[in-house]
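First residue of the sequence shown: 1, per UniProt numbering; consecutive thereafter. Beta carbons: idealized from backbone N, C-alpha and C, even for Gly. The next block holds one structure in the form of structure tokens; read it before the comments.
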Amino acid sequence: MGALKPWHILVLVVVLILLFGAKRLPDAARSLGRSLRIIKAETKGLADDDVDAKAEAQSGRQPLSGTIDDNKPSPAPTVDPVDRVRER
């Protein structure tokens, strides 16, 4: 029932030719191919950027240095004035 048969494809091609004309179909297919190539290149570029960013983040890490002084009180938290107004 859900299988695509050759005559289904033939009917689809005839309908497309009647709707768009024989001259516009190659142009439409060409522009669709260009768009897909652009999308493929952009997604590959995004994936490469992610790999580069991870490599930079890992190489840029440095261990913390210094001592922890437990006798000092922690600084007071800073509160956004807008949040104070919203609480009222």
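Query                                                                         : Result
Distance CB(residue 102)-CB(Leu10) smaller than 8 angstroms                   : Residue 102 lies beyond the range of the chain shown here (1 to 88); nothing can be said about it.
Beta carbon of Ala28 nearer than 8 angstroms to that of Phe20                 : yes
First and last residue of the uninterrupted alpha helix (DSSP H) at Leu19     : Pro6 to Phe20
Where Gly45 sits in the DSSP three-state scheme                               : helix
Reduced DSSP category for Ser74 - H, G, I as helix; E, B as strand; rest coil : coil
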